[in-house]
Amino acid sequence: MNHKKWAFLVFFLVIFVAFLAPSCAKKELKSEPTMSEEEARRQAEEEARQRELERQAAIREESLKEDALRAEGERMQSAREMFENEDVFFEFDSASLTAEAQEILRAKAEWLRANPGVRVLIEGHCDERGTNEYNLALGDRRAYSSKAFLTDLGIDDTRISTISYGEERPIASGASEEAWAKNRRAHFVIK
Numbered sequence: 328m329n330h331k332k333w334a335f336l337v338f339f340l341v342i343f344v345a346f347l348a349p350s351c352a353k354k355e356l357k358s359e360p361t362m363s364e365e366e367a368r369r370q371a372e373e374e375a376r377q378r379e380l381e382r383q384a385a386i387r388e389e390s391l392k393e394d395a396l397r398a399e400g401e402r403m404q405s406a407r408e409m410f411e412n413e414d415v416f417f418e419f420d421s422a423s424l425t426a427e428a429q430e431i432l433r434a435k436a437e438w439l440r441a442n443p444g445v446r447v448l449i450e451g452h453c454d455e456r457g458t459n460e461y462n463l464a465l466g467d468r469r470a471y472s473s474k475a476f477l478t479d480l481g482i483d484d485t486r487i488s489t490i491s492y493g494e495e496r497p498i499a500s501g502a503s504e505e506a507w508a509k510n511r512r513a514h515f516v517i518k
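Each position in the sequence shown, counted from 1, maps to that position plus 327 in the working numbering.
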């Protein structure tokens, strides 16, 4: 071959290698520093520990809410029972409210204001002395005087109904002044 052709071929090869060499060179990859396995394990443990603490805190918070709701329910039940179980007592052959009876009714009115959806039945009761007819009428007057006092304190009278049982449902048995005094009452039942 001729010298010019060789020179051209060598020149062409040099150019070719010059262009090819950079493209074949190993590229250096930029990589972020990697965690060692120990660091990765520690980080995973810390994340798991944090999740567990958050889970336990959520459980405690839910438990506290449940305790508060339970306590509120018990308080409401206790107040309801107190409302129903605290009777208003009357003197013999009377439907007039004593000072003590008025205080009890003020507390009941306060409870009724705090519980506006509650309706109540007031039962009038008497002791066994007197005729059935007389005691039914007296029981009715006792229930009505309790209702009138509550309505005077602002409780809507449509929330309160009355009934008389006269001497039919005594709470105490016996023919003594102590038993009779317990039976002369207005009793409250939440509907």
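The beta carbon of each residue, even a glycine, is placed where N, CA and C say it ideally should be. These figures come from a predicted structure and were not determined experimentally.
On a Cα-Cα basis, can you pick out the residue from the options that is closest to residue i?
| i | options | result |
| --- | --- | --- |
| ASP467 | GLU427, PHE417 and GLU437 | PHE417 |
| GLU450 | ARG433, ALA513 and ILE342 | ALA513 |
| ASP484 | LEU463, LYS331 and VAL445 | VAL445 |
| ALA508 | GLU381, GLU389, ALA334 and ASP420 | ASP420 |
| ASN462 | GLU495, GLU381 and VAL341 | GLU495 |
Using 8 angstroms as the threshold, is the C-beta distance between residue i and residue j below it?
| i | j | result |
| --- | --- | --- |
| ALA422 | LEU465 | yes |
| VAL415 | SER491 | no |
| GLU408 | VAL516 | no |
| LEU477 | LYS435 | yes |
| ILE386 | GLU413 | no |
| SER503 | LEU448 | no |
| ASN459 | GLY481 | no |
Considering just the uninterrupted stretch of the alpha helix (DSSP H) at residue i, what are its terminal residues?
| i | result |
| --- | --- |
| GLU430 | 426-441 |
| ALA508 | 504-510 |
Check the DSSP bridge columns for residue i and list the partner residues they point to.
| i | result |
| --- | --- |
| THR458 | For THR458, which the question treats as bridged, DSSP gives no partner whatsoever. |
| VAL447 | ILE487 and ILE517 |
| PHE416 | ARG512 |
| GLY466 | DSSP output for GLY466 lists no bridge partner at all. |
| GLY493 | HIS452 |
(Q) Between the segment 391-401 and the segment 432-447, can you find at least three pairs of beta-carbon atoms closer than 8 angstroms? (A) no
Q | Sufficient close CB pairs (3 or more, under 8 angstroms) joining the segment 454-463 to the segment 494-509 | A | Yes: at least three Cβ pairs fall under 8 angstroms.
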